[in-house]
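Enquirer: Attaching a single structure in C-alpha cells format; questions to follow.
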Amino acid sequence: MDIPSSPGKFKEKRTKWHKTLPKLTFWSILFCGVIYFLFFRTPSSFSSDARRSLRTYTYGGAAWENKVLSSARVASKNGVSVLVTGAAGFVGSHVSIALKRRGDGVLGLDNFNDYYDPSLKRGRQALLERTGVFIVEGDINDAALLKKLFDIVPFTHVMHLAAQAGVRYAMQNPGSYVHSNIAGFVNLLEVCKAVDPQPAIVWASSSSVYGLNTKVPFSEKDRTDQPASLYAATKKAGEEIAHTYNHIYGLSLTGLRFFTVYGPWGRPDMAYFFFTKDILKGKPIPIFEAANHGTVARDFTYIDDIVRGCLGALDTAEKSTGSGGKKTGPAQLRVFNLGNTSPVPVNNLVTILEKLLKVKAKRNIMRLPRNGDVQFTHANISYAKKEFGYKPTTNLETGLKNFVRWYLNYYSAGKKADE
Numbered sequence: 000m001d002i003p004s005s006p007g008k009f010k011e012k013r014t015k016w017h018k019t020l021p022k023l024t025f026w027s028i029l030f031c032g033v034i035y036f037l038f039f040r041t042p043s044s045f046s047s048d049a050r051r052s053l054r055t056y057t058y059g060g061a062a063w064e065n066k067v068l069s070s071a072r073v074a075s076k077n078g079v080s081v082l083v084t085g086a087a088g089f090v091g092s093h094v095s096i097a098l099k100r101r102g103d104g105v106l107g108l109d110n111f112n113d114y115y116d117p118s119l120k121r122g123r124q125a126l127l128e129r130t131g132v133f134i135v136e137g138d139i140n141d142a143a144l145l146k147k148l149f150d151i152v153p154f155t156h157v158m159h160l161a162a163q164a165g166v167r168y169a170m171q172n173p174g175s176y177v178h179s180n181i182a183g184f185v186n187l188l189e190v191c192k193a194v195d196p197q198p199a200i201v202w203a204s205s206s207s208v209y210g211l212n213t214k215v216p217f218s219e220k221d222r223t224d225q226p227a228s229l230y231a232a233t234k235k236a237g238e239e240i241a242h243t244y245n246h247i248y249g250l251s252l253t254g255l256r257f258f259t260v261y262g263p264w265g266r267p268d269m270a271y272f273f274f275t276k277d278i279l280k281g282k283p284i285p286i287f288e289a290a291n292h293g294t295v296a297r298d299f300t301y302i303d304d305i306v307r308g309c310l311g312a313l314d315t316a317e318k319s320t321g322s323g324g325k326k327t328g329p330a331q332l333r334v335f336n337l338g339n340t341s342p343v344p345v346n347n348l349v350t351i352l353e354k355l356l357k358v359k360a361k362r363n364i365m366r367l368p369r370n371g372d373v374q375f376t377h378a379n380i381s382y383a384k385k386e387f388g389y390k391p392t393t394n395l396e397t398g399l400k401n402f403v404r405w406y407l408n409y410y411s412a413g414k415k416a417d418e
C-alpha cells in the first residue's frame with residue numbers, strides 16, 4: 000500500500016474519501032435497484048405500462064426496408080443520417096422535422112405507448128410522414144430491432160429522445176422509468192458501441208437532475224446528486240451511464256438538460272396544456288405555492304428554441320472513437336443546459352392563458368406536494384452559447400400564443416381534449 004509522505008496528505012485523502020462515500024452509497028443503492036427491477040422481478044410484477052412497451056412489433060420485409068432507406072436517405076451535400084428515438088414524442092417530432100427539412104436523413108423509432116393520449120402521437124406521426132420521415136414502431140429495449148436498423152442504415156448520429164417522462168407518474172409506476180430511462184438507454188448504447196463506425200449520440204437528460212439545489216441559475220458544474228424524484232434519479236443515472244460508455248468504449252455522447260419545454264403538439268401532462276383544457280371547461284386549476292407562500296416558477300422554454308439547441312449539439316458532436324466495441328482514443332463527452340434563462344411564476348403563466356383564451360381561470364391555490372416537484376428552475380446557458388451559439392428568442396407570451404392557436408385549431412377539428 001502506498002503511504003503518503005506526510006500526515007497532511009493522508010488526512011487530505013481521508014477527507015476526500017469521506018466526501019465521496021455518500022455518493023458511492025447513493026449510486027450503489029440505485030444500481031442494486033436497477034438489477035432488482037431488471038432481473039429479479041417477475042413479468043407479472045411489472046405494471047401494464049411496462050408490459051405494453053414490451054409487446055411484439057411487426058417489422059421487416061422488402062417494402063419495410065425500402066421505407067427505412069428512403070426516410071434515412073441524405074438529401075443535402077453535407078447532411079448526416081440520424082436515428083431519432085421517441086420520434087412521435089413532443090420534442091422528437093419537432094427535431095425530426097427540422098432535421099429532414101434541412102436535408103438530413105432521418106429515421107424515427109417510437110413504441111407509441113399510452114402514458115398519454117396515443118392519438119396525439121399518431122397525429123405527430125402523420126405530420127412526420129408528410130415531411131418524409133418514417134417512424135419504425137418498436138421499443139428501444141429491442142436489441143434485435145436496433146441491430147437490424149443499423150444493418151440497413153449506417154447512421155452517423157443518434158438523437159435519443161425516447162424516455163418515460165413525467166415527475167409525478169413515477170410514484171405510480173416506477174418500473175416504467177427503470178425500463179425506459181435506464182435499461183432502454185443501456186440497450187441502445189450496447190448496440191451503438193458494437194456497430195462500426197460508431198455513431199455520435201445526443202440524448203435527452205433533464206433539468207430535474209438539479210433536484211434540491213438552491214443555487215441559481217443552475218450551472219452544468221453544480222452538484223446533481225440530490226434528486227427529488229425517481230424520474231430525476233433515472234436521468235442522473237443516465238448521465239453516469241453515458242460517462243461509463245464514453246470512457247470504456249469511446250462513444251461520443253452529449254447530454255441535454257431540457258428546462259420545461261412547451262409549445263404546439265406538446266404533452267398533455269404538462270401544466271400549460273391541461274391548464275388550457277381546464278380553463279376552457281370552467282374547471283378549477285391547481286396553482287402550487289411553496290412554504291410561507293413561496294412562488295413556484297419555471298424556466299419555460301419554447302420548442303423552437305429547444306430544437307435549435309438539439310441541432311446545435313448534434314452539429315458540434317465529434318465522431319466516436321471506438322471500433323468494433325473497442326476504444327481507440329479519447330472521445331467527446333458533454334452536457335448542456337437548454338433553457339430560456341427567464342423563470343416565470345406559474346401564476347403569471349395562468350394570467351397569460353386567461354388573456355389569450357379570453358376566459359377567467361378558477362384558481363385553486365395549493366401547497367406544493369412532496370411528489371418530486373421542485374419550487375423553481377433556472378438555467379445558466381453560457382456553456383451552450385459558447386459551444387454552438389445557443390440563444391433562446393421566444394418569450395412566454397409569444398410561445399403560449401402559438402400554442403393556444405394550435406390547441407384551438409387541433410381540438411376544434413374533432414379531436415378530443417379530455418384525455
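Heads up: the sequence shown begins at 0 in numbering that gives the first Met the number 0, then just goes up one per residue.
Using N, Cα and C, we set each Cβ at its ideal position, and we do this for glycine too.
(1) What did DSSP end up calling P276 once you bin it into helix, strand or coil?
(2) DSSP on L352, reduced to helix/strand/coil?
(3) Per the DSSP calculation, F257 is bridged to which residue(s)?
(4) Comparing alpha-carbon positions, which option in K318, Y56, C309 lies nearest M158?
(5) At what residues does the alpha helix (DSSP H) containing P283 begin and finish?
(6) In the DSSP assignment, what residue or residues form a beta bridge with T300?
(7) If you draw a straight line from the C-alpha of L187 to the C-alpha of A142, how long is it?
(8) Just to confirm before moving on: does the CB-CB distance between N336 and E238 stay below 8 Å?
(9) Is DSSP giving F154 helix, strand or coil here?
(10) Under the three-state reduction of DSSP, which class applies to H377: helix, strand or coil?
(11) In terms of residues, what are the limits of the alpha helix (DSSP H) holding A360?
(12) What whole-angstrom Cβ distance do A296 and V345 have, given they're in contact under 8 Å?
(13) Report the option in I134, S95, P226 whose CA atom is closest to the CA atom of K66.
(14) Given a cut-off of 8 Å, decide if I351 and E396 are closer than it, judged by their beta-carbon atoms.
(15) Near T233, which residues of its chain fall below 6 Å by C-beta distance, leaving aside the five closest residues on each side in sequence?
(16) Look at P226 and K235 and say whether their C-beta atoms are less than 8 Å apart.
(17) Can you name the residues that DSSP bridges to P196?
(18) With distance defined between alpha-carbon atoms, name the residue in P196, V105, T243, R121 nearest to N112.
(19) Kindly indicate the opening and closing residues of the alpha helix (DSSP H) around E128.
(20) Hey, quick one: how far does the alpha helix (DSSP H) through S92 stretch, first residue to last?
(21) Taking the Cβ atom as the reference point for each residue, do S251 and A316 lie within a distance shorter than 8 Å?
(22) Which partner residues of I134 appear in the DSSP bridge assignment?
(23) Count the other CB atoms within 10 Å of the CB of P21; is the residue buried (16 or more) or exposed (fewer)?
(24) From I284 to G165, what distance separates their C-alpha atoms?
(25) Return helix, strand or coil for I34, following the three-state DSSP convention.
(26) Three-state secondary structure (DSSP) at T84?
Expert: Quick answer:
(1) Note that residue 276 corresponds to Lys in the displayed sequence, not to Pro. Helix, per DSSP.
(2) helix
(3) L337
(4) C309
(5) Segment 283 to 288 is the beta strand (DSSP E) holding P283; no alpha helix (DSSP H) there.
(6) V260
(7) 7 Å
(8) no
(9) coil
(10) coil
(11) Unbroken run through A360: none, as it is neither H nor E.
(12) 7 Å
(13) I134
(14) yes
(15) Y176, N180, I181
(16) yes
(17) Looking at the DSSP assignment, P196 forms no beta bridge with any residue, so it has no partner.
(18) R121
(19) 117 to 130
(20) 89 to 100
(21) yes
(22) G107
(23) Because the pLDDT at P21 is just 47, under 50, the model does not fix this residue reliably, and the value given afterwards should be weighed accordingly. Result: exposed.
(24) 18 Å
(25) Only weak support exists for where I34 lies, its pLDDT of 45 falling under 50; the value from the coordinates is given anyway. Of the three classes helix, strand and coil, the one that applies to I34 here is helix, per DSSP.
(26) strand
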